[in-house]
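Q:
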Amino acid sequence: MKSCRRSVGEFSVDAGLVRQLIQAQFPAWSALTVQPLAESGWDNRTFKLGEDMLVRMPSGPAYAAQVEREHRWLPVLAPRLTQPIPEPLARGEPAFGFAWPWSVYRWLPGVRARPERITDLELFARDLAAFLCLLRDVPANGGPAAGAHNFFRGGSLAVYDSETRRAIDALAPRVNARAVTDVWETALASRWTAGPVWVHGDVGVDNLLVEHGRLCGVIDFGQCGIGDPACDLVPAWTLFDAASRAAFRGAVQMDSATWARGRGWALWKALIVAAQHTTSTAWEAGRCWATIESVWADHLGRACP
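1 is the number of the first residue of the sequence shown in my numbering; add one for each residue after it.
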C-alpha cells in the first residue's frame, strides 16, 4: 500500500485529515476506520471508511465541481443502468485547511480492470457495450453539456487539436507523424449530428471494476455529461484486443464516423501522456504506446493484439 499521505498541490491529504473531517461533520461515523487506497486515482484521493463506504477528496480546484455533478446526477442515472455505479451518501464541506467539497459513497466491490483479471475479454466487451447503450438511453433533459467543467467530454475533439499536434511533434521520430496525424484528422472530420446523449466521460480501465473475471461496476462519473458519445469508446483501444474490440464495436452500435472520433479520443490521451513520459510510470508509458499502435492498426483496418 502507498503512503497514507497524499499531496494535493502543496496541501497534504492523509487519513488523519479525513478522520478529522468525518468526526466534525459526520460524527455517527467517527468510530469507523479510515484507510488510504493504494490505487487512488488522479482527480481524487480516496480512502475506505469502515467496511462499506468510500471517501473521495478532490485533488485540485479543477476537480471540485465533480462533487456536485455526481451528487446531482448519479441518483438519476443509477435506476436506468444494470451495472452498479457509485451511490452518494453524504457531501462534506471544506474545513481544516481543505478547500473543496468532498464526498462519501457506498463502497463497491471489485478491482480495477486489467486484461489478466478478466476471464473472457469478449464477454467483458459486450457487457460494457450494453452498459454504455443503456447510459445513452437515459433522457438527456437538463444534463450538463460539454465544457471546461468536464474537460469537454461529449464535446468536440477540436478543443485538443493544438495540444495533440504538439504531442505528435514532441514524439517524432518515435511515432510516424504523418500516419498519426492522418488518424487525428480523420477523427476531426466529423461531428455528432444526433441529439445529445449521456456520456460517462472517462471510461478508462481504472474506472471499470472486475469481480470473478466479469464487469461488476463502473465508477468515477466526475466527467459525465451530455453530448457526443465518441469519448466513451476509448476502451476499444486501451483495453481490448482485436477480437474483443470487434465484439465491443458490434454491441455498442456506433457508426463509423463516431468510431473514428473514438479513436481520436484514445489517441489524444495516449499521445499527451506519452509526451509527458517523465512523469508517467513505466506501466502507463507502455500502455500509451500500445494504445497508439492499436489505434493506428484499427484505422488501417488490420488486426492488432
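Backbone N, C-alpha and C fix where the C-beta goes; we use that ideal spot for every residue, glycine too.
1. Skipping 5 residues on each side, what residues in its chain have a beta carbon closer than 8 angstroms to that of Asp169?
2. Any chance you could list the beta strand (DSSP E) runs of at least 3 consecutive residues sitting entirely within the region 20-93, in chain order?
3. Determine the direct distance from the alpha carbon of Pro86 to that of Gly217, and round the result to whole angstroms.
4. Are there 16 or more other CB atoms within 10 angstroms of the CB of Glu70, so buried, or fewer, so exposed?
5. Assuming Leu37 contacts Phe47 under a Cβ cut-off of 8 angstroms, what Cβ separation, rounded to an integer in Å, is found between them?
6. Does DSSP put Ile219 in a helix, a strand or coil?
7. If the criterion is Cβ atoms closer than 8 angstroms, does the pair Leu209 and Val295 meet it?
8. So, do the region 185-204 and the region 220-239 have three or more beta carbon pairs nearer to each other than 8 angstroms?
9. Check whether the Cβ atoms of Leu239 and Ala113 lie closer than 8 angstroms to each other.
10. Count the other CB atoms, across all protein chains shown, that sit within 10 Å of the CB of Asp137; report buried if there are 16 or more and exposed otherwise.
11. Look at the Cβ atom of Asp298, then the Cβ atom of Leu121, and state whether they are nearer than 8 angstroms.
12. I'd like the span of the beta strand (DSSP E) that includes Ser103, first residue to last.
13. Once you ignore the five residues that flank Ala285 on each side, which residues in its own chain have a CB closer than 7 angstroms to its CB?
14. With DSSP as the reference, please indicate the residues paired to Glu211 in a beta bridge.
15. Taking only three categories from DSSP, how would you classify Trp192?
16. Please look up how many angstroms separate the CB atoms of Trp107 and Met57, rounded, as I've assumed it's under 8 angstroms.
17. Spatial neighbours of Ala179 within its chain, please: C-beta separation below 7 angstroms, excluding the five flanking residues on both sides.
18. At which residues does the beta strand (DSSP E) containing Val197 begin and terminate?
19. Is it buried or exposed, Thr291, if we count other Cβ atoms within 10 angstroms and call 16 or more buried?
20. As an exercise, report each continuous alpha helix (DSSP H) stretch of at least 4 residues that is fully enclosed by the region 220-245, in chain order.
21. Determine, using beta carbons only, whether Phe124 and Ser244 come nearer to each other than 8 angstroms.
22. Who are the Cβ neighbours of Trp265 in its own chain at under 8 angstroms, not counting the five residues just before and after it?
23. What would DSSP say about Ala99, mapped onto helix, strand or coil?
24. So who's on the other strand from Val111, going by DSSP bridges?
25. Roughly how many whole angstroms lie between the Cα atoms of Gly60 and Leu135?
26. What do you get for Cys141, buried or exposed, if any count of 16 or more other CB atoms within 10 angstroms of its CB means buried?
27. How many Å lie between Thr82 and Arg214 at the Cα?
28. Going along the chain, which unbroken runs of the alpha helix (DSSP H) with 4 or more residues stay wholly within the region 105-178?
29. Classify Val203 as helix, strand or coil using the three-state DSSP reduction.
30. Excluding the 5 residues preceding and the 5 following Ala146 in the sequence, name in chain order all residues of the same chain whose CB lies nearer than 7 angstroms to its CB.
31. How big is the Cα-Cα spacing for Asp202 and Ala15?
A: According to the structure shown:
1. Sequence index remark: in the sequence shown, residue 169 carries index 169 (1-based). Within the same chain, Cβ atoms closer than 8 angstroms to the Cβ of Asp169 are found at Ala177, the five residues on either side in sequence being excluded.
2. Within the region 20-93, the complete beta strand (DSSP E) segments at least 3 residues long are 34-36, 44-49, 53-58 and 88-92, listed from N- to C-terminus.
3. Taking the sequence shown and counting its residues from 1, one reaches residue 217 at position 217. Taking the sequence shown and counting its residues from 1, one reaches residue 86 at position 86. Gly217 and Pro86: Cα-Cα distance of roughly 8 angstroms.
4. Start at 1 with the first residue of the sequence shown, and residue 70 comes out as number 70. Classified as buried, Glu70 has 16 or more neighbouring CB atoms from the shown chains inside 10 Å of its CB.
5. Position 37 of the sequence shown holds residue 37. Position 47 of the sequence shown holds residue 47. Contact holds; Cβ gap of about 7 angstroms.
6. The residue you call residue 219 lines up with position 219 of the sequence shown. Coil at Ile219, not helix or strand.
7. Taking the first residue of the sequence shown as 1, we reach residue 209 at position 209. Taking the first residue of the sequence shown as 1, we reach residue 295 at position 295. Cβ atoms of Leu209 and Val295: not closer than 8 angstroms.
8. Taking 8 angstroms as the limit for Cβ pairs, the verdict is that the region 220-239 does touch the region 185-204.
9. Against the sequence shown, residue 239 aligns to sequence position 239. Against the sequence shown, residue 113 aligns to sequence position 113. Yes, they are a contact pair.
10. The sequence position of residue 137 within the sequence shown is 137, counting from 1. By the neighbour-count rule (16 or more Cβ atoms within 10 Å), Asp137 is not buried but exposed.
11. Indexing the sequence shown from 1 puts residue 298 at position 298. Indexing the sequence shown from 1 puts residue 121 at position 121. Contact: no.
12. Stepping through the sequence shown from its first residue, residue 103 is reached at position 103. Its beta strand (DSSP E) spans residues Trp102 to Arg106.
13. Numbered from its first residue, the sequence shown carries residue 285 at position 285. Within the same chain, Ala274 and His277 come within 7 angstroms of Ala285 by CB-CB distance, once the 5 residues on both sides are set aside.
14. Against the sequence shown, residue 211 aligns to sequence position 211. Note: Glu211 sits in a beta bridge opposite Arg214.
15. As a first step, residue 192 must be located in the sequence shown, where it is residue number 192. The three-state secondary structure of Trp192, taken from DSSP, is coil.
16. The count along the sequence shown starts at 1 and reaches residue 107 at position 107. The count along the sequence shown starts at 1 and reaches residue 57 at position 57. Not quite, the Cβ-Cβ distance comes to about 16 angstroms (not below 8 angstroms), so this is no contact.
17. In the sequence shown, the residue the question calls residue 179 occupies position 179. Here Ala179 has Trp296 as same chain residues with Cβ atoms under 7 angstroms from its own Cβ, once five neighbours each way along the sequence are excluded.
18. Counting from 1 along the sequence shown, the entry for residue 197 is found at position 197. Val197 to Val199 is the span of the beta strand (DSSP E), which, as asked, contains Val197.
19. Position 291 of the sequence shown holds residue 291. Its Cβ being crowded by 16 or more others within 10 Å, Thr291 is buried.
20. As far as the region 220-245 is concerned, its whole alpha helix (DSSP H) runs of at least 4 residues are 235-238.
21. Residue 124 sits at position 124 when you count from the first residue of the sequence shown. Residue 244 sits at position 244 when you count from the first residue of the sequence shown. Against a cut-off of 8 angstroms, the Cβ pair of Ser244 and Phe124 comes out as a contact.
22. Here residue 265 refers to the residue found at position 265 when the sequence shown is read from its first residue. Taken in chain order, the residues that qualify are Leu157, Ala187, Ala230, Cys231, Leu233 and Val234.
23. In the sequence shown, residue 99 corresponds to position 99, counting from 1. Looking at Ala99 - three-state DSSP - the assignment turns out to be coil, as it is neither helix nor strand.
24. As a first step, residue 111 must be located in the sequence shown, where it is residue number 111. Among the bridge pairs identified by DSSP, Val111 is matched with Val210.
25. Translated into the one-based positions of the sequence shown, residue 60 becomes position 60. Translated into the one-based positions of the sequence shown, residue 135 becomes position 135. Rounded to whole angstroms, Gly60 to Leu135 spans 28 angstroms at the Cα level.
26. The sequence position of residue 141 within the sequence shown is 141, counting from 1. Here the sequence assigns Asn to residue 141, which means Cys is not the residue at that position. It is exposed - the Cβ of Asn141 has fewer than 16 other Cβ atoms within 10 Å.
27. Within the sequence shown, residue 82 is the residue found at index 82, counting from 1. Within the sequence shown, residue 214 is the residue found at index 214, counting from 1. Near 13 angstroms, if we compare the C-alpha coordinates of Arg214 and Thr82.
28. If only complete runs of 4 or more residues are kept, the region 105-178 shows the alpha helix (DSSP H) at 121-137 and 161-171, in order along the chain.
29. Within the sequence shown, residue 203 is the residue found at index 203, counting from 1. The DSSP-derived three-state label of Val203 is coil.
30. Mapped onto the sequence shown, residue 146 falls at position 146. Apart from the 5 residues on each side of it in sequence, Ala146 sits with its Cβ closer than 7 angstroms to the Cβ of Phe152, Arg153, Gly154, Gly155, Gly225 and Gly227 in its chain, given in chain order.
31. Within the sequence shown, numbered from 1, the residue matching residue 202 stands at position 202. Within the sequence shown, numbered from 1, the residue matching residue 15 stands at position 15. When rounded, the separation of the alpha-carbon atoms in Asp202 and Ala15 is 27 angstroms.
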